[in-house]
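Okay, so the sequence shown: first residue is 480 according to the numbering used here, each after it adds one.
Reading through the structure tokens given below for one structure.
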Amino acid sequence: MEQERIALPPRGPLDLPLSVLEVGCSGHFELITQEKGPYGEGFPLTTLPHGLPPYAQDLASELEQEFLNSPEWLPIHHFERSHRFWPREKDIHSLFEVDVTPVHSTLQAERNPTTGELLGFTEALVDNMGLSAKNSLSFQRAPGPPAEALRGSATNYPFWPGGMDEPTLEQIKAKEELEEDIDFEKDLLTVPPGWKKGVEFTKQELKASPGLLNLTNLLGALDTFDLGSSSDEEGKEKAEEGEKQKTKRKEGKGTKEEKSPPAEQAPLQRANSLEELVLKEVTSTPKPAPQAAQAPTTEPPKEQWAIPVDVSSPVDDFYKRIPDPAFKWPFEPDVFQKQAILHLEKHDSVFVAAHTSAGKTVVAEYAIALSQKHMTRTIYTSPIKALSNQKFRDFKNTFGDVGLLTGDVQLHPDASCLIMTTEILRSMLYNGSDVLRDLEWVIFDEVHYINDSERGVVWEEVLIMLPDHVNIILLSATVPNTLEFADWIGRIKRKKIYVISTLKRPVPLEHYLYTGNSQKTQNELFLLVDARGTFLTKGYYDAMDAKKERASKHSQTFGAKQPIHAGAGAGQDKNIWLSLIDMLRKKDQLPVVAFTFSRNRCDDNASMLTTVDLTNTTEKSEIHVFFQKCISRLKGTDRQLPQVLHMVDLLKRGIGVHHSGILPILKEVVEMLFSKGLVKILFATETFAMGVNMPARTVVFDSIRKHDGTNFRDLVPAEYIQMAGRAGRRGLDTTGMVIILCKNQVPEMATLHRMMLGKPTQLQSQFRLTYTMILNLLRVEALRVEDMMKRSFSEFHTRKDSKVYEHRIAQLSDILANMEMGDTTGQLSDLEEYYRVVRDLQKNRELIQRRVMESVNGLKALSVGRVIVVKNQEHRNALGVILQVSSDAANRTFSTLVICEKNPTEGDETSNKESSPLSPSEVPLPDDLLRTKLFLPEGPCGHTIKKLGPADIFGITTKTLRVNAERILEDFKKRQMPRFRNDPPGPSAATATQELLRLAEGDPEGLPLLNPINDLQLKDLEVVEGVMKARQLEEVLTGFQCVHSPRFHMEFVRFRERQQVLEELEKLRFLLSDQSLLLLPEYHQRVAVLRSLGYINESGAVELKGSVARQISNHELLLTQLLLDNTLTDLRPEEIVALLSCTVCQVRTQVEPQLPSVLQKGIEHIRSVAMEIALLQRKCGLQESVEDFVEQYKFGLVEVVYEWARGMPFAEIARLTDVQEGIIVRCIQRLDETCREMRNAARVTGEPTLHAKMEAASNMIKRDIVFAASLYTQ
């Protein structure tokens, strides 16, 4: 196509440049003569949507042309060109826009209750709108995003814990608006201002003449008339309502409805429905009436939350009550299992404390099946990861729909049954996971683990935080205080817990002592405790004789001077094991678990049995195939690890080793081969008994002493029973055999008896405050840390009587309201001060006397013949002489001859009438307090012999008498017999009595007493201060005016009574308040630490630092400080992860690691930060020593982790340190959890660099044998 030529004038600087517009794709062009914009932007050069294809401009020529040739283009001259801005346009109407209001009501279907027929729909108002996981603890809130459904989010509120009183919407409104809460029955005024009397609205009882019926009373009776067998629900409710109103009117005070279970019901109280029962219980506990000030009111019913279930009689109607069970077993369940299942069907919570191998898992299986039937979910928690993996395999085979959540594994998280460790459940509860919405059961396995000092607190936190609708199943070994523990859980969750215990083991145990050490003596096996649990001393003495005989033969052979090395040396050990295994094989008692309390000794014992071969060729082949299949997933170099090769050799001969130093994958191989019966002898440490449910025919104890981290000690009964319980396989063995090896000496009989037949350890609270717990609860206004502490098992004993205390407070308040105020004016103005001084003086004297009685010198002084002053209910400052002192140190008593009136019965009465120190009429005057006015009989002087406690001795005098104590005691004993009753006292008694009377008459104002400081040499600060204070108070006593008032006696008694009521009230209120919590001081100290570090502000709100610390579960303060001072950001990922290993490594190493300077600086920095935190904790009052806090971070595995992260093979890693392979693997696995927590914390602080580095570090260490998947999950 031709184009026209246009003649253009010569180009000037202001001439417009030309450009051509390409129209579409057809090749049409148009000419454009349009001015360029201020920045040189021109008209588009094409109509195509994306313009002409891009091309690279020559930047140098552009710069030259634009700026160097014409500097006026530079933006420095014209500021308008240098920046662009868009003026804001006001749009007032946008302020009127409001988000769409959520729907206020919903439709509810109305159905016929019997047939289910749909009758219609009604509109019902919805209360909770605008609730979300970020502002509410209610289950009414909307679910969070699906990604957070499982683990929840750190910014979520938890759900409201069950058992705590959830505030209603009305209460919250009232609190917000600070409205005065008026009770229209109790708080209305009846007397107008200025008037003396007003209208009485209380119901007046009309006095009717006899023979006439009162109409109002009849009508009132009709109100509460209840037709026992009526089926009319409405009539019943009305009758109940009438009864309730009537009771309220009679009481004058409405009782507050309590959500508490009734105690034993009165026999007449009958109910036809649960609602009625609750109503009756609520109305049947009247408040004490005001007029009953002196009369004792009824005690509140004792709450019983733990209900023991009888398992001694069979459950015959089991299949009638549950015609269609949710799960069926190929065997008939035991009585205790049936009882548990019946309660599960009723949605009750149960605590099953059963012997080892009794079949506790049956209860868990039924609960899982029940939740699948109800389409709800179950969470199964266990203390140990290995146990979680095992249960996952078992339940997966049984139910199919099972998921697993541990620190490093997450399988099928949407399953109906989730198996997890308790720590993960705790974080789900704090993070408001939506799994809790449709959760029906939580099963806690191995509950006796709550005694673990490190992790026991997690169980308590979880139990306290669980929501109300979740039912609890607790499975435990037998413990003595199951009822007490269940009562605690029932009390904090406000639900009954049914306690089911087994009476005996299904396979009884027989305990033996083994003294054999050679082929000749291999049958030296002595029965010590038989299957019925009888301790046979004959077996013990036989074992002793066998040992002695061997020792005497040894001395005959080698000469008596030779030392007897009965169990010394590896050779001797080997002989013992060889003879034992041979004997057990002949008796067909394999497989056997040999418990050894040292990892090294486990390995040594297994390694020295080189000649033992317990498997046949078929079994060898089976072991070989299985082992190769298991390690096929490992990479080549890992298959050649020394431990793997050594284990293959042992396993093929039927020997296994199981302890924490073994690689996890090998431990699982050993467990699986053992459960198949291919491992005949397993050398294991205590952890095998704790976590793995694998019974054997025989259990052998290498020793009964273990090192518990601080020193060597004998096994406690709980530990022994837990391990011995592995003997005896249900359905295979009639009895289980437990053997104790006597290598050196036979253990003491008392030790064996205590260990085998002693009571297992009680469940004890290990509750302690952690910074993470405090921060988690502080961010939620409605939940207080004090509430968590109140509900802990450690506070249970002080809190369980809170209802009784509340009841008593109500009683005392009524008594106080009816007491007259004492007159403390005029001469009696210092009565209050006098009462205070007298009380302080008496308390001081009691304290000093108590210290004297506890001191060694005090007890020396209280020897036979010492004259003392006796003051108790019967005797008022009577002299006595000590005749005998009991040897029982705990409850020491002093048999004392005390002077009294000749006729003791009358004397007692008069002394009680006049001068019992506890009688309310007695009023202490200054003279009585300053001088010990001794008792002098009015008539002839008699005597009596009393056993006095330390509290009855008022003072120890400086005098002693020579008495014939034995004769006096015999004489008195004889005169207690009816026929010698009227005999005169013997000469010894008469002389002693006369001597005491002479002393009393000679110094009626009081004998000189021994001074605690000068005479008894008590230099205790408390005693010295007490004596000085007593002296000051005595000096003050004489200056009071009130004692001269004629009304002093009456007013003092009145004032004292009132003060005693006030003091008791104050004490009870203190016990119910937060101030009585044992851990409250520590809580305030920890809060002070958090405040000093800036984790929370002055008002207690959680700051950014606190939000970071909340992401971290262990060592939160140290890791947060490191994260926030940017120590880690500058390091490489492998260096970061190496330094963090100090938080998970708990073993000491003898090898000095070779570290680069960066890591050495990092270690020094971590130590300095730990030191700062430790010093701050001490400053805030916490007890933990600075050295202990800093020493808990061990850097022994820094080099190992560093090289592992850099890609070194595991075989070479193991050579760098003396730490066993299994422990290295466990450490690196736990380190991965720490990396994940640090990654989340970096995200909270907005540190993308550190976030990426922690992600990289986590990926670097996740490889090869360390993170090989568990065989149980395959």
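Here a beta-carbon is modelled for each residue, glycine too, at the ideal position from N, C-alpha and C.
| Check | Outcome |
| --- | --- |
| If you pair each beta-carbon of the stretch 1061 to 1076 with each one of the stretch 1154 to 1162, do three or more pairs fall below 8 Å? | yes |
| Could you tell me the alpha carbon to alpha carbon distance between PHE830 and ALA1580, rounded to whole angstroms? | 39 Å |
| Could you give the first and the last residue of the continuous beta strand (DSSP E) run that contains HIS990? | 988 to 993 |
| Quick check for students: name the residue ranges of the alpha helix (DSSP H) that lie wholly in the stretch 1157 to 1188, counting only runs of 4 or more. | 1166 to 1170 |
| Would you check if the stretch 1238 to 1253 and the stretch 1203 to 1217 touch, i.e. whether three or more CB-CB distances between them fall below 8 Å? | no |
| Which residue comes first and which comes last in the alpha helix (DSSP H) that contains MET907? | 901 to 909 |
| Quick check on ASP1711: buried or exposed, where buried means 16 or more other Cβ atoms within 10 Å of its Cβ? | buried |
| Threshold first: 3 residues or longer. Then list the beta strand (DSSP E) segments lying entirely within the stretch 916 to 949, N to C. | 918 to 923 |
| VAL1745 by DSSP, collapsed to three states: which one? | helix |
| Compare the beta carbon distance of SER1737 and ARG1705 with 8 Å and say whether it is the shorter of the two. | no |
| Taking the alpha-carbon of MET1235 as reference, which of GLN783, PRO1632 and THR1013 has the nearest alpha-carbon? | THR1013 |
| Taking GLU844 as part of the alpha helix (DSSP H), name the residues at either end of that continuous run. | 840 to 853 |
| Please state whether DSSP places GLU1577 in a helix, a strand or coil. | coil |
| Using the beta-carbon count (16 or more within 10 Å), is THR1728 buried or exposed? | exposed |
| Residues in its own chain within less than 7 Å of THR1608 by CB, not counting five upstream and five downstream? | GLU1726, THR1728 and LEU1729 |
| Tell me which residue opens and which closes the alpha helix (DSSP H) that HIS572 is part of. | Counting along the chain, HIS572 falls outside any alpha helix (DSSP H), and DSSP gives it neither H nor E. |
| Is the separation between the beta-carbon of ARG1324 and that of ALA1509 shorter than 8 Å? | yes |
| Please name the residue in GLN1328, MET1650 and GLY1573 whose C-alpha comes closest to that of GLY1505. | GLN1328 |
| Any contact of the stretch 1269 to 1278 with the stretch 1609 to 1628, i.e. 3+ C-beta pairs under 8 Å? | no |
| State the CB to CB distance for the pair GLY1301 and PHE1519, rounded to an integer number of angstroms; the pair is presumed to be in contact (CB under 8 Å). | Rounded, the Cβ-Cβ distance is 15 Å, inconsistent with contact. |
| Per DSSP, what kind of secondary structure is ASP1052 in: helix, strand or coil? | helix |
| Measuring only the C-alpha atoms, how far is GLU1380 from ALA965? | 56 Å |
| By how many angstroms is the C-alpha of THR1606 removed from the C-alpha of LEU1655? | 20 Å |
| Am I right that VAL914 and LEU610 are in contact with their C-beta atoms under 8 Å? What's the rounded C-beta distance? | 19 Å between Cβ atoms; not a contact. |
| Name the residue from GLY1701, MET907 and GLY1675 whose alpha carbon lies nearest to the alpha carbon of LEU1695. | GLY1675 |
| Taking the alpha-carbon positions, what's the ARG1685 to VAL1616 distance? | 11 Å |
| Between LEU1059 and SER997, what straight-line distance do the alpha-carbon atoms span, to the nearest angstrom? | 9 Å |
| Report buried or exposed for ARG1345, applying the criterion of at least 16 other Cβ atoms within 10 angstroms of its Cβ. | buried |
| If you run the structure through DSSP and keep just helix, strand and coil, what is ILE443? | For residue 443 there is no data in the structure shown, the boundaries of the chain being 480 and 1753. |
| For VAL794, which of helix, strand or coil comes out of DSSP? | coil |
| Decide if THR1116 is buried, meaning its Cβ has at least 16 other Cβ atoms within 10 Å, or exposed. | exposed |
| Give me the DSSP bridge partner(s) of ASP1193. | ARG1184 |
| What separation, rounded to the nearest whole angstrom, lies between the Cα atoms of GLU1734 and TRP938? | 31 Å |
| CA-CA distance, LYS1279 and ILE976? | 15 Å |
| Does the pairing of the stretch 1620 to 1632 with the stretch 1657 to 1674 give three or more beta-carbon distances under 8 Å? | yes |
| Classify TRP920 as buried or exposed, calling it buried when 16 or more other Cβ atoms lie within 10 Å of its own Cβ. | buried |
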